Structures are given as C-alpha cells and as structure tokens.
Amino acid sequence: MSARPQLDSLDIRVVLRQDGSALITETRKMSIDDEGTECYIGLASMGPSEIRDLRVSDETGREYENIGSWDVDRGRAWKTGKCGIVTKRDGYELCWGLGEEGERTYVTSYTMTGLVRSYPDADAIRHVFMDEGVSPKPDNAHVSIEAEDTTITINSENSDIWGFRFGGELEYDNGKIVVYNTEPFGSQGALYIMVRFDKGMFSPVISEEETFETKKQQALDGSDYD
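If you're matching positions, the sequence shown starts at 0 in numbering that gives the first Met the number 0 and goes up one per residue.
Written out as structure tokens, the structure is:
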C-alpha cells in the first residue's frame with residue numbers, strides 16, 4: 000500500500016477575463032489512504048490579487064460546504080465535505096477535506112483577480128500555479144490558458160510563454176496556451192508560468208510600475224533560458 004496520498008494527475012484550466020481576472024478550475028485525480036486530513040492549493044506573493052468564489056466538488060458530484068475561514072487543526076472527519084481558505088500574510092491556502100479512502104477526483108474552482116497585470120510595456124501573467132512546497136507532486140500536470148472572449152486568439156504573434164521549475168513543453172493550440180510536464184517534478188519542482196501579451200488584448204485593472212522587461216530579466220537570471 001502507498002505510504003501517503005498520491006496525486007496521479009493535475010489539470011488546471013485558466014479562463015482569462017477582460018479585466019485581468021481569471022476563472023481557474025483545477026482537477027486532481029488522487030489515490031487516498033488513511034494518512035492526512037486535507038488537500039490545499041498554496042498561493043503566495045499575491046500582492047493586491049484576491050481569491051473569490053471557492054468551490055470544491057468530488058467524483059460523486061458532491062458540492063463541498065464552503066465554511067469560509069479554514070481550521071487546519073481539525074480532524075479528517077470534521078473536514079470531510081468541507082472547504083475553506085486560510086488567509087496568510089502574502090497569500091492564501093485553499094483547503095478541502097480528503098474524505099474517504101480510494102481513487103478520488105477533486106474539482107476546485109475559484110476566481111483570482113489580477114492574474115493578468117498591466118505593465119508599461121506589456122500585459123502579463125507571472126504566477127506559480129503549483130508551488131514547490133506542495134506534496135504530493137503530480138505525476139502528470141497540464142495547464143491551459145485561454146481568453147473568455149472567444150474573439151481573442153492567443154498565439155505566437157501576440158504573446159510569449161516561459162516556464163520555470165519543471166521539465167516540460169509550452170505550446171500554442173487552437174488559440175490557447177498549453178503547458179505540461181515531460182519529466183518528474185522532484186522535491187523542488189514547481190509550476191511557474193510567465194506569459195507576455197501585446198497591449199490591447201486585455202484591460203487589466205491591476206497595474207505595476209516596473210516594466211515587464213525588467214521582471215522578465217529577473218526571472219531569467221539563473222534559469223536554463225538563453
């Protein structure tokens with residue numbers, strides 16, 4: 000028997016709204032044993048961005064009760080069928096109870112404001128979709144990024160993509176961005192994705208004073224990119 004819960008696959012769908020906010024839906028297929036009490040999504044360095052409308056359901060179609068502020072110290076039985084948020088100094092943890100053992104599927108959705116931000120020279124996403132502290136890491140991870148406005152086609156002519164802390168591929172496919180791993184994540188693995196958009200595709204309500212070019216060079220320092 001596995002010594003702890005296993006995350007077989009992680010699928011993240013990101014739908015970008017015109018104001019720079021995003022509806023994010025994360026689907027986890029897991030093997031759950033009797034260890035642990037909860038799953039969580041760690042979101043750090045959020046700045047002015049906020050999380051709203053957290054919802055969790057499982058493979059039975061059960062909608063979990065959103066209790067608001069989450070108590071990490073409660074037991075597994077109490078957490079079953081519930082979800083909530085831990086607010087931290089620089090971000091959030093989105094939490095839900097593991098519930099019964101077995102092969103489980105958890106679908107977590109939430110709105111994040113300011114995922115796309117305005118910079119003087121571009122609009123951009125700079126976000127860690129899975130931080131290095133998360134355990135267990137997925138065997139297979141897949142991220143798709145698309146615009147809610149179907150007239151916006153994201154492609155190599157109006158955007159650029161970078162990925163950090165994982166071995167994998169970044170592609171354009173039918174007007175959206177697709178990212179996936181081709182190598183195991185390892186203990187220090189993460190999913191940090193950066194996307195630059197031409198001005199005019201979105202109208203972000205959150206802006207930063209530094210240029211995107213400055214942020215990009217900071218991210219590229221010490222990376223595998225030329």
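Note that beta-carbon positions come from the ideal geometry of N, C-alpha and C, so glycine has one too.
All figures in this text were calculated on a predicted structure; none of them were measured in a lab.
Would residue i and residue j qualify as a contact pair, given that the criterion is a beta-carbon distance under 8 Å?
i, j, result
"Arg75", "Thr36", "yes"
"Phe211", "Ala123", "yes"
"Thr107", "Leu93", "yes"
"Leu9", "Ala140", "yes"
"Ala43", "Gly90", "yes"
"Leu114", "Ser48", "yes"
"Ile192", "His126", "yes"
"Arg103", "Glu58", "yes"
"Arg54", "Ser143", "no"
"Gly132", "Gly46", "no"
"Glu64", "Gly80", "yes"
For residue i, does the count of other Cβ atoms within 10 angstroms reach 16, so buried, or fall short, so exposed?
i, result
"Pro137", "buried"
"Gly162", "buried"
"Ser117", "buried"
"Asn154", "exposed"
"Glu25", "buried"
"Arg73", "exposed"
Measure from the alpha carbon of residue i to the alpha carbon of each residue in the options, then state which is nearest.
i, options, result
"Ile205", "Gly80, Asp18, Leu97, Asp148", "Asp18"
"Ser68", "Asp197, Gly83, Ile40", "Gly83"
"Thr152", "Leu15, Leu6, Ile31, Pro4", "Leu15"
"Thr228", "Ile23, Gly199, Lys215", "A query on residue 228 cannot be resolved here, the shown segment of the chain reaching from 0 to 225 and no further."
"Gly101", "Ile31, Asp148, Val194, Lys198", "Ile31"
"Pro135", "Lys215, Glu25, Lys214, Ser186", "Ser186"
"Cys38", "Thr150, Val194, Trp95", "Trp95"
Hey, how far is the Cα of residue i from the Cα of residue j?
i, j, result
"Glu208", "Asn173", "33 Å"
"Asp70", "Ser202", "37 Å"
"Asp220", "Gly199", "28 Å"
"Gln217", "Met129", "20 Å"
"Ile66", "Arg27", "21 Å"
"Lys87", "Val177", "30 Å"
Over what stretch of residues does the beta strand (DSSP E) that includes residue i continue unbroken?
i, result
"Trp95", "91 to 96"
"Phe163", "158 to 163"
"Thr110", "101 to 111"
"Arg54", "50 to 57"
"Arg27", "21 to 31"
"Arg116", "115 to 118"
Starting from residue i, trace the alpha helix (DSSP H) both ways and give me its first and last residue.
i, result
"Thr213", "211 to 219"
"Ala43", "Run containing Ala43: none; DSSP gives neither H nor E here."
"Ala189", "Taken as a continuous stretch (DSSP letters only), Ala189 belongs to no alpha helix (DSSP H), as it is neither H nor E."
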